[in-house]
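See structure below.
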Amino acid sequence: MSTTEPDASGALLGAADIRELAAALGVRPTKQRGQNFVIDANTVRRIVRTAGVRPDDVVVEVGPGLGSLTLALLEAADHVTAVEIDDTLAAALPATIGARMPERAERFSLVHSDAMLVQELPGPAPTALVANLPYNVAVPVLLHMLATFPTIERSLVMVQAEVADRLAAVPGNKVYGVPSVKANWYAEVKRAGAIGRNVFWPAPNVDSGLVSLVRRAEPVKTTASRKEVFAVVDAAFAQRRKTLRAALSGWAGSSVAAEAALVAAGISPQARGEALTVEEFARIAENKGAGHGGVA
């Protein structure tokens, strides 16, 4: 199958459509915003299918660009809300939707904003996040959306392959780190496929991967706040080659205090952050100040 096969229905955008739209708008994808436009209808339909988008879903999409994935989402979902920071792209997207899929145009909403600043969305609460995330901000945007919109039950994001590996890594894996643990706070995370370079314009210098995140049925059981747990995670991986006794000394106030918290949490002071689950990080956070007669 050609990677730039035209869409049989005519509604979705192909390579020629994307280039024509971009030329008409005077748009050139920028590295600054990590823009790589998907130019293959088969790929966006595959993403929607892999995401398991249902007819009753309210999908939020970050970085819709010229609308490749947006149109495929509108085919499948009840409503799509797109968040776009670029002035030119945000202005053009509603017209593209209206021209190519007029019967679904009323099911589309646009938020012209930096996704990292979005605190609310118009219309019904989102149930799913599906996005081709800009490579340079993928992890912070994903974590922000999961934190801000707890109604998002399922997410499927396309990110740089290396980032996909980090998000989906399990304890003990050499790429397991801050993104892995923080994503696991919210969801069960797994790799959901690979995407080749030639379905993008411009073709990136790296491969891409799909990551599936299904929100945990039950949140991590802990008396510590997310902020407190994430502070432990950040400290542990800031010096990931050090033992937790040493790496957490600044967080705890001293290496002795760090050891007391670790022992109280049932974790070896000689362990390293890359060996711990999110639940174990939560136990450490709960036991901060354990050497001072209780939780501080």
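Residue numbering for the sequence shown follows this note's numbering, starting at 18 and increasing by one per position.
In this text, a Cβ means the ideal position worked out from N, Cα and C, and glycines have one as well.
Proximal residues to Leu230 (C-beta, below 6 Å), its chain only, five neighbours per side dropped: Ser172, Ala204 and Val206
Give the C-beta separation of Trp268 and Ala282 to the nearest angstrom, bearing in mind that I take them to be a contact with Cβ-Cβ under 8 Å. Trp268 to Ala282, Cβ: 13 Å. No contact.
Between the segment 139-152 and the segment 160-171, do at least 3 Cβ pairs fall closer than 8 Å? With the cut-off at 8 Å, the segment 139-152 and the segment 160-171 touch.
The ligand GDP heavy atom lying under 7 Å from the CB of Thr165: Looking at this structure, you won't find the ligand GDP or any other ligand, since it has none at all.
May I ask you to report which of helix, strand or coil DSSP gives Gly290? helix
Where Glu297 falls, given that 16 or more other Cβ within 10 Å makes a residue buried: buried
Please classify Gln177 as buried or exposed, where buried requires at least 16 neighbouring CB atoms within 10 angstroms. buried
8 Å CB neighbourhood of Arg124 in its chain, flanking five on each side removed: Leu91, Ala94, Asp95, His96 and Val97
CA-CA distance, Leu293 and Glu303? Looking at the two C-alpha atoms, the distance is approximately 15 Å.
Local Cβ density within 10 Å of Asp182, reported as buried at 16 or more and exposed below that: buried
Exposed or buried, what is Pro167 when buried is set at 16 or more other beta-carbons lying within 10 Å of its beta-carbon? exposed
Which residue comes first and which comes last in the beta strand (DSSP E) that contains Ser208? Ser is not the amino acid found at residue 208; the sequence shown has Arg there. Counting along the chain, the beta strand (DSSP E) containing Arg208 begins and ends at Ala204 to Ile212.
The beta strand (DSSP E) that contains Thr98, what's its start and end? His96 to Glu101
Nearest to Val180 by CA position, among Val65, Val70, Arg45 and Leu227, is which residue? Taking only the C-alpha atoms, the option nearest Val180 is Leu227.
Between the alpha carbons of Gly43 and Ser285, how many angstroms are there, rounded? Distance between the alpha carbons of Gly43 and Ser285 is about 58 Å.
Using a Cβ-Cβ cutoff of less than 7 Å, which residues in the same chain neighbour Phe217 once the five nearest sequence positions on both sides are dropped? The beta carbon of Phe217 sits closer than 7 Å to the beta carbons of Asn53, Phe54, Val55 and Ile56 from its chain, once the five residues preceding and following it are set aside; these are given in chain order.
Determine the burial state of Thr240: buried for a count of at least 16 other Cβ atoms within 10 Å of its Cβ, exposed for fewer. By the 10 Å Cβ count, Thr240 comes out exposed.
Which whole-angstrom value is the C-beta distance of Gly140 and Leu106, which I expect to be below 8 Å? With a beta-carbon spacing of about 20 Å, Gly140 and Leu106 fall beyond the 8 Å limit used to define contacts.
Once DSSP output is grouped into helix, strand and coil, what is the label at Met162? The answer is helix: DSSP assigns Met162 an H, G or I state.
Residue nearest to Pro157 in terms of C-alpha spacing, selected from Asn222, Arg289 and Met133: Met133
In the DSSP assignment, the beta strand (DSSP E) including Gly226 goes from what residue to what residue? Ser225 to Arg232
Are there 16 or more other CB atoms within 10 angstroms of the CB of Ala33, so buried, or fewer, so exposed? exposed
Can you tell me whether DSSP reads Ser242 as helix, strand or coil? coil
If the criterion is Cβ atoms closer than 8 Å, does the pair Val237 and Ala299 meet it? yes
Give me the Cα-Cα distance between Met118 and Ala99, rounded to the nearest whole angstrom. 15 Å
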